[in-house]
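Report on one structure; see the data block that follows.
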Amino acid sequence: MAIAEDRPVASGLRVALLEAGLLIATGEDGLYLRDDRFERIVVGIDHLVGAAAAPDVDATYFLPPVMPQDVLVRTGYLRSFPQLAGLVATWPGRPSDHGALIRRLEDGTDVTQEFVDHALALCSAGCHPLYPVLSGRLPRGGRTIEAYGQCFRREPSLDPARLQTFRQHEVVRIGSATSARSHRDHWVERALEIHRGLGLEVEAVVANDPFFGRAGALLASEQRDQALKLEIVTPIASAEEPTAITSANCHLDHFGEAFSIATADGVVAHSSCIGFGVERIALALLAQHGLDPGRWPQTVRDRLGLSERNP
Amino acid sequence: MTELTPTIEASVRRIVAEHADLVVDAASLADDTDLYRSGLTSHASINVMLAIEDEFGVEFPQGMLKKSTFQSIGSIAAALRELCEGPSAARDAGPAERTAGSV
Numbered sequence: 017m018a019i020a021e022d023r024p025v026a027s028g029l030r031v032a033l034l035e036a037g038l039l040i041a042t043g044e045d046g047l048y049l050r051d052d053r054f055e056r057i058v059v060g061i062d063h064l065v066g067a068a069a070a071p072d073v074d075a076t077y078f079l080p081p082v083m084p085q086d087v088l089v090r091t092g093y094l095r096s097f098p099q100l101a102g103l104v105a106t107w108p109g110r111p112s113d114h115g116a117l118i119r120r121l122e123d124g125t126d127v128t129q130e131f132v133d134h135a136l137a138l139c140s141a142g143c144h145p146l147y148p149v150l151s152g153r154l155p156r157g158g159r160t161i162e163a164y165g166q167c168f169r170r171e172p173s174l175d176p177a178r179l180q181t182f183r184q185h186e187v188v189r190i191g192s193a194t195s196a197r198s199h200r201d202h203w204v205e206r207a208l209e210i211h212r213g214l215g216l217e218v219e220a221v222v223a224n225d226p227f228f229g230r231a232g233a234l235l236a237s238e239q240r241d242q243a244l245k246l247e248i249v250t251p252i253a254s255a256e257e258p259t260a261i262t263s264a265n266c267h268l269d270h271f272g273e274a275f276s277i278a279t280a281d282g283v284v285a286h287s288s289c290i291g292f293g294v295e296r297i298a299l300a301l302l303a304q305h306g307l308d309p310g311r312w313p314q315t316v317r318d319r320l321g322l323s324e325r326n327p
Numbered sequence: 064m065t066e067l068t069p070t071i072e073a074s075v076r077r078i079v080a081e082h083a084d085l086v087v088d089a090a091s092l093a094d095d096t097d098l099y100r101s102g103l104t105s106h107a108s109i110n111v112m113l114a115i116e117d118e119f120g121v122e123f124p125q126g127m128l129k130k131s132t133f134q135s136i137g138s139i140a141a142a143l144r145e146l147c148e149g150p151s152a153a154r155d156a157g158p159a160e161r162t163a164g165s166v
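Going down the list, the sequences are from chains A and B. FYI, my numbering numbers position 45 of the first sequence as 61, with every residue one higher than the one before it. FYI, my numbering numbers position 94 of the second sequence as 157, with every residue one higher than the one before it.
Structure representation (structure tokens):
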């Protein structure tokens, strides 16, 4: 496929995206407004994934951007990735406290220190809010669920593909150990086809999660040894260091155990998921085909539903 | 190859019994029994690692923080002996092992 004339230089991708008005800076690294040209690409990717998943799934859930705080603890996320987690803090004051608050604000006091945790956390991953809902006995044959929502990871960065808030579009399988592993392996191949059908140069590689701290190296080694995590990578901001745009994970019985989810036979359930990073896929498309979707190859535009009226 | 010191081996076996949460009795394990096949989970391996560091006052270098180090009582004891007897040996091996292991 011919390289578009306006394909941005890899190192200047963030600058190019800002100058083109596709991303609008907020002053916080990794946090941008996105204009409608960018969002139409994201919507197109969502429809493509949804259509691919439709024959397999028994439910589709749209997730709120926050979840009960104990999900962070029960999933093990707080133990493994404390550096990425976000909590929602709110002001506990009453109307009678308002006058004093106003005086502190006028004095320049940092009143955000008075905000306390209110048992909510920012959603950590597209499948995490599902597990408490699935506690109990699964139906025979297990479940395959499509889940879509906003996630938060506290990792401010100048890499335009490393956003602090981003959407994951997931297809989650929970049931027998065999079906969970098969689901992951099957969806890696389907995802490669979907990405290549959009003209992206992708490959699947064994990867590991960014486990925090010194112990993280040991956890990462064990995860890679069992190939529990596969990532689909493509060059975005750097040709030398490709970016993961989709990941496919085997959880073994980690969530089944933590959330007391059992198969119809009473065995602790295994789970797996594939998560499409829709903003990263959109960025990969912009890096590959150029910053003007109106000039992208017609097959790519057709697959994303980008018409003359919605370029 | 130096032989394992019984004291170190016995201490490792005790720590494994206390922290590894295995499905079998640690006393029944051979020095080369695969701990992961005996029920050692990823998070339990962290607990074993931290307990060993606390008891012996050592810190496993980055290059030793991999699955093979905690594969058996024998491999843990060998790594520990290297740390206790050779302060620079494990650190020197670390970066090269990381590079070789990268994909």
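Where is the CB? At the ideal position from N, CA and C, for every residue including glycine.
Whole angstroms are fine: how far does the CA of residue j sit from the CA of residue i?
i, j, result
"His-267 of chain A", "Asp-175 of chain A", "28 Å"
"His-270 of chain A", "Ala-264 of chain A", "15 Å"
"Phe-133 of chain B", "Leu-98 of chain B", "8 Å"
"Val-249 of chain A", "Glu-219 of chain A", "6 Å"
"Ser-112 of chain A", "Val-127 of chain A", "16 Å"
"Ile-290 of chain A", "Arg-296 of chain A", "15 Å"
"Ile-161 of chain A", "Tyr-77 of chain A", "8 Å"
"Ile-118 of chain A", "Gly-28 of chain A", "44 Å"
"Thr-104 of chain B", "Thr-279 of chain A", "22 Å"
"Asn-110 of chain B", "Arg-206 of chain A", "38 Å"
"Pro-251 of chain A", "Glu-257 of chain A", "7 Å"
"Ala-93 of chain A", "Gly-102 of chain A", "The sequence given here places Tyr at residue 93 of chain A; Ala does not occur at that position. Approximately 11 Å between the Cα atoms of the pair."
"Ser-108 of chain B", "Leu-322 of chain A", "50 Å"
"Phe-97 of chain A", "Thr-42 of chain A", "26 Å"
"Phe-182 of chain A", "Leu-302 of chain A", "17 Å"
"Arg-154 of chain B", "Phe-119 of chain B", "Note that Arg-154 of chain B scores 45 on pLDDT, short of 50, meaning its location in the model is unreliable and no value can be drawn from it."
"Ala-114 of chain B", "Ser-173 of chain A", "35 Å"
"Glu-273 of chain A", "Leu-154 of chain A", "13 Å"
"Leu-21 of chain B", "Phe-228 of chain A", "Since the first and last residues shown for chain B are 64 and 166, residue 21 of chain B lies out of range."
"Thr-57 of chain A", "Gly-310 of chain A", "For the sequence presented, residue 57 of chain A should be read as Ile rather than Thr. Approximately 11 Å between the Cα atoms of the pair."
Please list, in chain order, the chain B residues whose beta carbon lies closer than 8 Å to that of residue i.
i, result
"Asp-241 of chain A", "Lys-130"
"Glu-219 of chain A", "Chain B residues near Glu-219 of chain A: none, gap ~12 Å exceeds 8 Å."
Mind pulling the chain B residues with CB within less than 7 Å of residue i?
i, result
"Arg-230 of chain A", "Leu-128"
"Glu-256 of chain A", "Neighbours of Glu-256 of chain A on chain B: none; closest Cβ ~13 Å, over 7 Å."
DSSP has residue i in a bridge; who is on the other side?
i, result
"Cys-139 of chain A", "Paired residue(s): none; Cys-139 of chain A is not in a bridge."
"Thr-104 of chain B", "Thr-104 of chain B is not bridged to any residue."
"Lys-129 of chain B", "In DSSP, Lys-129 of chain B forms no bridge with anything."
"His-286 of chain A", "A:Gly-191"
"Met-83 of chain A", "A:Ala-137"
"Tyr-147 of chain A", "DSSP output for Tyr-147 of chain A lists no bridge partner at all."
"Asn-224 of chain A", "Answer is none; Asn-224 of chain A lacks a bridge partner."
"Ser-263 of chain A", "A:Glu-247 and A:Gly-291"
"Arg-212 of chain A", "BP columns for Arg-212 of chain A are empty, so no partner."
Given that residue i touches chain A, what residues does it touch there, using C-beta distances under 7 Å?
i, result
"Gln-125 of chain B", "Ala-233"
"Ser-105 of chain B", "Leu-235 and Glu-238"
Name the chain A residues that come within less than 8 Å of residue i, Cβ to Cβ?
i, result
"Ile-109 of chain B", "Ala-231, Leu-234 and Leu-235"
Could you name the residues of chain B that residue i contacts, counting a contact when the two beta carbons are closer than 9 Å?
i, result
"Glu-162 of chain A", "Neighbours of Glu-162 of chain A on chain B: none; closest Cβ ~28 Å, over 9 Å."
Could you give the C-beta distance for residue i and residue j, rounded to a whole number, given that I count them as a contact under 8 Å?
i, j, result
"Leu-128 of chain B", "Ser-237 of chain A", "7 Å"
"Ser-140 of chain A", "Leu-88 of chain A", "6 Å"
"Glu-247 of chain A", "Ala-223 of chain A", "4 Å"
"Ala-105 of chain A", "Val-132 of chain A", "6 Å"
"Gln-184 of chain A", "Gly-142 of chain A", "3 Å"
Just to confirm, does residue i get its C-beta within under 7 Å of one of the non-hydrogen atoms of the ligand MN?
i, result
"Gln-314 of chain A", "By its list of ligands, the structure shown contains no ligand whatsoever, and the ligand MN lies outside what it can speak to."
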